[in-house]
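To start, the structure itself, in structure tokens.
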Amino acid sequence: MKRIILLATLWTGLASHAQTLTIAPAGPVLTGDPVSITLSGLPPKADVQIVAERLMKNDAQPVLYRAEAAYRSDAEGKLDLGQSAPSSGSYRKADVRGLFWSMTPSKDAPAAGMVPGVVQLSARIDGKEVAHARMQFVNTLPDVKVEAVDAFPGAVFAALPGSGRRPVIIVLGGSEGGSSAVRELAPMLAAHGYAVLGLPYYSPAAWNSTERELPMLPRSFVDIPVDRLEQARTWLAARSDVDAAHIGLLGYSKGAEFALIAASKMPWISAVAAIAATDVVWQGWGPDVNPPDSRRSSFSWHGQALPFVPNQDFLQEMAGFQTGADVRYRRPQDKGRAAHPEAAVAARIRVEDFKGAMLVAGGIEDQMWASGMMAQNIAERRAAAGRDTVALVYTDAGHVLNGSGWSPTTQYDAGPFKTGGTPEANARAQADTWRQTLAFFKRTL
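In mature numbering (1 follows the signal peptide of the UniProt record, and there is no 0), the protein residues as written are -18 to -1, 1 to 427.
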């Protein structure tokens, strides 16, 4: 989900040919727009290796990521990464993003001058570099203005300059909490012409720490007040640069749960995109749940906890973080739903009550919760009520559908905590979800 500025530097290698590695368009490219990567001037039917490297920001320091693949040029000495499947390498099918999502961490030191966000592409024949290009990734247009919102802890408002009133998207992050997700997404969406309010609503302590980014927000995911969005609407309506009659919600994971609940209760919402969606309200968690095995709802409405589906064997599942066993948060949820069908009925989000436009997305292999199945449930329930829904269900994808398909997806399940899906399916689903989400809001706001 990154905006891409592509900077290409071209070299020639073999004496009898002028090899060029071309990235088009060469100027700034917004995520979701088509991009091509081609080689020309190669010997006909030549075996070509392409290596891609970039620095990724990890917890401690940037880490070098690398991918490579072998291809064969056509009879005219050309190669199109969007059309040519590699004969070997880090991915298998024709995919212009293949060298990007298939990167894995390398123990090698990065070359001098490498910086995070810039991808180095090197084309080689018989081990000799014949062409080189760079691609630099940035989040947004330089004209987008991002400002802090004092009325809401950690919130940001982002928009392009101009005198007109822009339709609004309110962004709701997931269970990671804090402001990181909304601070990334708000300027990205603003680059597409929206006024965007990134709204944090929960701020847990950092891993193995008691420190919290936003101590003014709840530290537990318990009874989060959905009606808080009314305050956000009032704040937006007071601005002269937004069209408060056209407000959409974009939520990821628990933020999708938040958005769908809100849509079922707030008629002023125009459109909702719920990514890695759920069709029910789930049990909450956190240090304010005492004793730890007691049960509280994730969300509330005007001070009343909403009915929820309880987990089953949650603490046993989380023990995998100590034992090294796989941790799949979906298992205690599936068990709880199966053991308490009456709770699932009471906790169902009444998506059919929402008269606006809706997009839902989910992965069948999601190991956080059954988002693929639940997205289908939502679409079926709304269809029965005569309401149209864009339902994106990805067979081999997991939970992490927030992305553009241009960043590495190979490490999602590297540790004990599993989110599901294959790297390829996750990357393809991310690219499609982002493209369709942008198209959805363009049609509906």
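By construction, the Cβ of each residue, glycine as well, lies at the ideal position given by its N, Cα and C atoms.
- Own chain, CB closer than 6 angstroms to A241, minus 5 neighbours either side, in chain order: L154, L231, G233, V254 and A256
- Task: Taking P143 as the reference, give the member of V224, L63, P92 and Y183 with the closest Cα.
- Result: V224
- So is W83 buried or exposed if we call it buried at 16+ other beta carbons inside 10 Å? buried
- Three-way DSSP call (helix, strand, coil) for G237 in this model: helix
- Message: Suppose the cutoff is 6 angstroms on Cβ atoms and the five residues either side in sequence are ignored; what does the same chain contact list for P289 look like?
- Response: A328 and A329
- Message: Assuming contact is defined by CB atoms lying nearer than 9 angstroms, are F281 and G268 in contact in what I supplied?
- Response: no
- Query: By how many angstroms is the C-alpha of T4 removed from the C-alpha of I107?
  - Reply: 17 angstroms
- Task: Please determine, among L218, K400, A259 and G338, the residue with the shortest C-alpha to C-alpha distance to S246.
- Result: G338
- Query: Can you tell which of E347, Q304, P314 and W283 has the C-alpha that lies nearest to the C-alpha of D209?
  - Reply: W283
- For W264, is the classification buried or exposed, using 16 other Cβ atoms within 10 angstroms of its Cβ as the cut-off for buried? buried
- Short Cβ contact (9 angstroms threshold) for residue 457 with T426: The requested residue 457 does not occur in the structure, where the chain is confined to residues -18 to 427.
- Residue from E347, L63, P274 and A(-1) whose Cα sits closest to the Cα of L297: P274
- Query: In terms of alpha-carbon separation, which member of A226, R201 and V372 lies closest to L211?
  - Reply: A226
- Query: When the Cα of R148 is compared with those of R165, A163, P182 and V178, which residue comes out closest?
  - Reply: V178
- Three CB pairs or more closer than 8 angstroms across the region 50 to 58 and the region 388 to 405: no
- Query: Got a sec? Which residues, its chain only, sit under 7 angstroms from K27 by beta carbon, not counting five neighbours each side?
  - Reply: R54, S55 and A57
- Cα-Cα separation between L(-5) and E299, rounded to whole angstroms: Residue placement at L(-5) cannot be trusted, given a pLDDT of 40 that sits under 50; what the coordinates show is reported in the next sentence. For L(-5) and E299, the distance between alpha carbons rounds to 58 angstroms.
- Message: Going by C-alpha to C-alpha distance, which of A219, V45, E111 and I19 sits closest to D29?
- Response: E111
- Query: By how many angstroms is the C-alpha of G99 removed from the C-alpha of K39?
  - Reply: 9 angstroms
- Message: Taking 9 angstroms as the threshold (C-beta atoms), are L63 and A49 in contact?
- Response: no
- Item | Per DSSP, cross-strand counterpart(s) of L24 | In DSSP, L24 forms no bridge with anything.
- Task: Using the Cα positions of A355 and A187, report the straight-line distance between them to the nearest angstrom.
- Result: The sequence given here places Met at residue 355; Ala does not occur at that position. Straight-line Cα distance between these residues: approximately 31 angstroms.
- Would you call the region 356 to 367 and the region 401 to 416 touching, i.e. three or more CB-CB distances under 8 angstroms? no
- Item | Cut-off 6 angstroms between Cβ atoms - residues of its own chain near A301, not counting five sequence neighbours on either side | none
- Query: Using the C-alpha atoms, what's the distance from V128 back to A140?
  - Reply: 4 angstroms
- Reducing DSSP to helix, strand and coil, say where F336 ends up. coil
- Task: Using three-state DSSP, classify T13 as helix, strand or coil.
- Result: coil
- Message: On the CB-based measure, 16 or more other CB atoms within 10 Å of its CB, does V97 come out buried or exposed?
- Response: exposed
- Cβ neighbours of residue 428 in the same chain (closer than 7 angstroms, five flanking residues each side left out): Summary: the structure shown does not reach residue 428, with the chain confined to residues -18 through 427, and so no result is reported for it.
- Query: Out of curiosity, what's the CA-to-CA distance linking L24 and R79?
  - Reply: 21 angstroms
- May I have the straight-line CA-CA distance separating Y394 from S145, to the nearest angstrom? 42 angstroms
- Message: Using DSSP's beta-bridge definition, name the partner residues of Q43.
- Response: None, per the DSSP bridge assignment.
- Item | Residues that DSSP places opposite residue 430 in a beta bridge | With the chain represented from -18 up to 427, any question about residue 430 goes unanswered, as that position is not in the structure.
- Query: Does the separation of the CB atoms of D378 and G403 fall below 9 angstroms?
  - Reply: yes
- Task: Determine the contact status of A115 and I19, defining contact as a CB-CB distance below 9 angstroms.
- Result: yes
- Message: Please give me, in chain order, every unbroken run of the alpha helix (DSSP H) with length at least 4 that falls completely inside the region 235 to 299.
- Response: 236 to 247
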